[in-house]
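K.L.:
Got a structure here, written out as structure tokens. Questions coming.
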Amino acid sequence: MDGSESSDLDEPDELFQAVDESGGDDIFANRELLNIDHVPDENRIVGRDKHITELANEVGPVVTGAPPNSVILYGKTGSGKSLVANHVMERARKEANRRGYRIATVTVDCAQSKGEADTIQTIAESINTPSTGVSVPTRGISTNEYYNRLWAILDTEYDGALITLDEVDRLGDDNVLMLLSRAREAGKVDVPIGIISISNKVNFREQMTERVKSSLGHNEWIFDPYDGEQLREILENRKDAFHDDVLNSGVIPKTAALAAQRHGDARKAIRLLRHAGDYAKNNNIGEVTEDHLELAQEQAEVERLKELIAGLPPHSKYVLYALANLTNDAGTDDVWFRTTVIYDIYTKVCEAQGTDTLTTDTIRGLLSELAFLEVTESNQEHGGMGKGTYKEHRLLWEPSVVFKMDPDPAHVDTDQ
Numbered sequence: 001m002d003g004s005e006s007s008d009l010d011e012p013d014e015l016f017q018a019v020d021e022s023g024g025d026d027i028f029a030n031r032e033l034l035n036i037d038h039v040p041d042e043n044r045i046v047g048r049d050k051h052i053t054e055l056a057n058e059v060g061p062v063v064t065g066a067p068p069n070s071v072i073l074y075g076k077t078g079s080g081k082s083l084v085a086n087h088v089m090e091r092a093r094k095e096a097n098r099r100g101y102r103i104a105t106v107t108v109d110c111a112q113s114k115g116e117a118d119t120i121q122t123i124a125e126s127i128n129t130p131s132t133g134v135s136v137p138t139r140g141i142s143t144n145e146y147y148n149r150l151w152a153i154l155d156t157e158y159d160g161a162l163i164t165l166d167e168v169d170r171l172g173d174d175n176v177l178m179l180l181s182r183a184r185e186a187g188k189v190d191v192p193i194g195i196i197s198i199s200n201k202v203n204f205r206e207q208m209t210e211r212v213k214s215s216l217g218h219n220e221w222i223f224d225p226y227d228g229e230q231l232r233e234i235l236e237n238r239k240d241a242f243h244d245d246v247l248n249s250g251v252i253p254k255t256a257a258l259a260a261q262r263h264g265d266a267r268k269a270i271r272l273l274r275h276a277g278d279y280a281k282n283n284n285i286g287e288v289t290e291d292h293l294e295l296a297q298e299q300a301e302v303e304r305l306k307e308l309i310a311g312l313p314p315h316s317k318y319v320l321y322a323l324a325n326l327t328n329d330a331g332t333d334d335v336w337f338r339t340t341v342i343y344d345i346y347t348k349v350c351e352a353q354g355t356d357t358l359t360t361d362t363i364r365g366l367l368s369e370l371a372f373l374e375v376t377e378s379n380q381e382h383g384g385m386g387k388g389t390y391k392e393h394r395l396l397w398e399p400s401v402v403f404k405m406d407p408d409p410a411h412v413d414t415d416q
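The letter at position 46 of the sequence shown is residue 46 when you use UniProt numbering, and the numbering goes up by one with no holes.
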């Protein structure tokens, strides 16, 4: 090390003076508590005691190496499904270890998965250890080989497994569910496997084949949205993410009220509180006030929309931009557009982005995906005698939120 490097170590950089040794700053003491993926301690989980107990009863046998039951959890985003699943799996893993058993636990975000092979690769890689002698490459082997390596890892290292498939309806088919749930019965693996399937769609079970329904059984629960008081308690349990005296007394009650009124989504409530803190920090304001919530609201919505469409192909975003342009120019949110009209504007968006267009049929499929995610809404309309049917679509998000997903959004002329 030369003298200049030594001097650099002695002199603090003014650019980072606001960051303390714990990774915090003048506003946040522990920002990690406001991350969406953070799994809180048991005493910070609100309003889900019954669901925790019910799920533990179904998967509990696995802590002794016995076959657990598989379960389906339904409910809107932010209702605590993933939180409860991860909480119960972690406690099951610890209890099994205490009893001398080793169980594998893993959660797969199916919205980010690129298909069956990617899902199984993720599971196998997550639970693999050096002692198995099994390699799990990210590519280059067949789907069947990924399954074979997963079975080998499970038989070598574990006495049981709990696998959570979050947003399982995004897998496209139920082949993964069928092969995992029937693996032991089919002689593929000796250890028992329990599947916790999570879906935002209450009718998801109707999409399954009869064989998969039979394998999964009838253990399913619906998670209701949180009410205002539960949301307030959830936020109170995370207020130590902030330094003392930074958070004004009315911020948490207002955040909870806004979230309860609009969606009952705990994730959105936590995200909104975090963005309000970010606004205060970035603008060198020493406190977080109720006014900051309004300023942070749109940014929280932008982040949520990005999260929703993260696993979709790029042209889904171009279709979304087309619909946002049409909605914005119409001057009202409650307006519907035919597929052909959206396609015309989509071609302009592609031109602005410097990319080729896809076929009309492909765009119809992308619109169906967006409707499935509740980013848009679609209706089948009848054109009258001899005119057949057609589909209309409307945007369920503010156009301004859509445009703010990208620093250089595609604003185009919607005149035909």
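Ideal placement from N, C-alpha and C gives every residue a C-beta, glycine not left out.
Note that the structure is a prediction, hence the values are computed from the model and not measured.
Secondary structure at residue 151, three-state DSSP: helix, strand or coil?
P.N.:
helix
K.L.:
Quick check: the Cα distance between residue 385 and residue 40, rounded to an integer number of angstroms?
P.N.:
With a pLDDT of 48 at residue 385, under the threshold of 50, the modelled position of this residue cannot be trusted, and the question is left open.
K.L.:
With H, G and I counted as helix, E and B as strand and the rest as coil, what does DSSP make of residue 112?
P.N.:
coil
K.L.:
Excluding five sequence neighbours on each side, which residues of the same chain lie with their C-beta closer than 8 Å to the C-beta of residue 281?
P.N.:
Sequence-distant Cβ neighbours of residue 281 in its own chain, meaning closer than 8 Å and more than five residues away, are 18, 25, 26, 27 and 28.
K.L.:
Locate the alpha helix (DSSP H) running through residue 50, then write down its first and last residues.
P.N.:
49-59
K.L.:
With respect to the beta strand (DSSP E) encompassing residue 166, which residues constitute its N-terminal and C-terminal limits?
P.N.:
160-166
K.L.:
Where residue 461 and residue 328 are concerned, what is the direct C-alpha to C-alpha distance, given to the nearest angstrom?
P.N.:
A query on residue 461 cannot be resolved here, the shown segment of the chain reaching from 1 to 416 and no further.
K.L.:
Which term fits residue 292, buried or exposed, when burial requires 16 or more other beta carbons within 10 angstroms of its beta carbon?
P.N.:
With 16 or more other Cβ atoms inside 10 Å of its own Cβ, residue 292 counts as buried.
K.L.:
Which same chain residues, not among the five before or five after residue 119, have their C-beta less than 8 Å away from its C-beta?
P.N.:
108, 110, 113, 165, 171 and 176
K.L.:
By alpha-carbon positions, which one of 358, 123, 61 and 71 ends up nearest to residue 99?
P.N.:
61
K.L.:
Where does residue 1 fall in DSSP's three states?
P.N.:
Unreliable placement is indicated for residue 1, whose pLDDT of 49 sits below 50; the coordinate value is still reported in the next sentence. Reduced to three states, the DSSP call for residue 1 is coil.
K.L.:
Counting only the same chain and skipping the five closest in sequence on each side, list residues whose C-beta sits under 6 Å from that of residue 46.
P.N.:
230, 233 and 234
K.L.:
Mind checking residue 202: buried by the 16 CB within 10 Å criterion, or exposed?
P.N.:
exposed
K.L.:
Tell me whether the beta-carbon of residue 263 lies closer than 9 Å to the beta-carbon of residue 78.
P.N.:
yes
K.L.:
Going by beta-carbon coordinates alone, are residue 237 and residue 48 separated by less than 9 Å?
P.N.:
Against a cut-off of 9 Å, the Cβ pair of residue 48 and residue 237 comes out as no contact.
K.L.:
Under three-state DSSP, which class holds residue 246?
P.N.:
coil
K.L.:
Please report the residue range of the alpha helix (DSSP H) in which residue 199 lies.
P.N.:
That residue, residue 199, is in no alpha helix (DSSP H); its beta strand (DSSP E) goes 193-199.
K.L.:
Could you name the residues of the same chain whose beta carbon sits closer than 8 Å to that of residue 135, not counting the 5 residues immediately before and after it, in chain order?
P.N.:
149
K.L.:
Do residue 402 and residue 323 come within 9 Å of each other at the CB atom, strictly closer than that value?
P.N.:
yes
K.L.:
Whole-angstrom Cβ separation of residue 319 and residue 342, contact assumed at under 8 Å?
P.N.:
7 Å
K.L.:
Report the rounded CA-to-CA distance for residue 197 versus residue 413, giving the unit in angstroms.
P.N.:
44 Å
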